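Numbering (this note's numbering), first residue to last: 33 to 170.
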Ligand code: HEC
């Protein structure tokens with residue numbers, strides 16, 4: 033009788049662990065974000081696509097930003113679209129370039145993916161551009 037109770041307990045424990053484990057795995061899958069090695073972030077302005085392309089001129093960069101980003105992120109980094117981080121106050125910019133670039137590339141919630149629109153070089157330069165809003169520069 034005691035042995036039976038024990039095996040029931042072991043079974044219950046097994047089921048508990050199994051279901052707990054599966055639930056945890058589910059949770060992980062639904063909130064999964066690409067792992068980013070921040071330490072390996074390439075310097076903004078270099079290009080893994082090959083070569084070391086010249087930095088994009090400021091006027092061209094500003095135009096790229098105005099055409100693609102400003103209607104959500106605002107002309108000076110103060111958001112227009114609700115839910116958009118305030119770059120003028122440095123929101124999100126504590127994250128490393130590699131992490132921010134993943135969001136830019138793949139998109140997130142209302143942020144569209146830029147992978148097929150802008151080159152990696154352009155994305156990096158735009159991130160550099162966005163970082164300058166904190167200092168109040170344009
Ligand atoms: C349609 C609106 C929209 C446009 C256009 C847009 N963004 Fe965003 N962006 C967002 C929103 C919303 C977020 C916040 C996403 C979240 O974390 O939920 C965001 C987040 C970001 C972040 C922070 C990413 C992170 O990992 O936290 C960066 C950097 C960024 N945008 C840069 C840009 C740049 C550069 C452009 C232009 C090429 C651009 N965005 C265009 C809406 C937009």
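Glycine included, each C-beta is placed from N, C-alpha and C at the ideal position. Note that the structure is predicted; figures quoted are calculated from it, not measured.
For the segment 105-119 and the segment 131-140, state whether three or more C-beta atom pairs, one from each stretch, are separated by less than 8 Å. These segments do not touch.
Name the one or two DSSP bridge partners that residue 140 has. Here residue 140 is taken as the residue at index 108 of the chain shown, counted from 1. Looking at the DSSP output, residue 140 shares a beta bridge with 143.
Would you report the Cα separation of residue 149 and residue 161, rounded to the nearest angstrom? As a working note, residue 149 is residue 117 in the chain shown. As a working note, residue 161 is residue 129 in the chain shown. Rounded to the nearest whole angstrom, the C-alpha separation of residue 149 and residue 161 is 17 Å.
Check the C-beta distance from residue 142 over to residue 113 and give it rounded, since I have them as a contact under 8 Å. By one-based count along the chain shown, residue 142 stands at place 110. By one-based count along the chain shown, residue 113 stands at place 81. Contact holds; Cβ gap of about 6 Å.
With DSSP run on the structure shown, which of helix, strand or coil describes residue 90? Numbered from 1 along the chain shown, position 58 holds the residue referred to as residue 90. DSSP places residue 90 in helix when its eight states are reduced to three.
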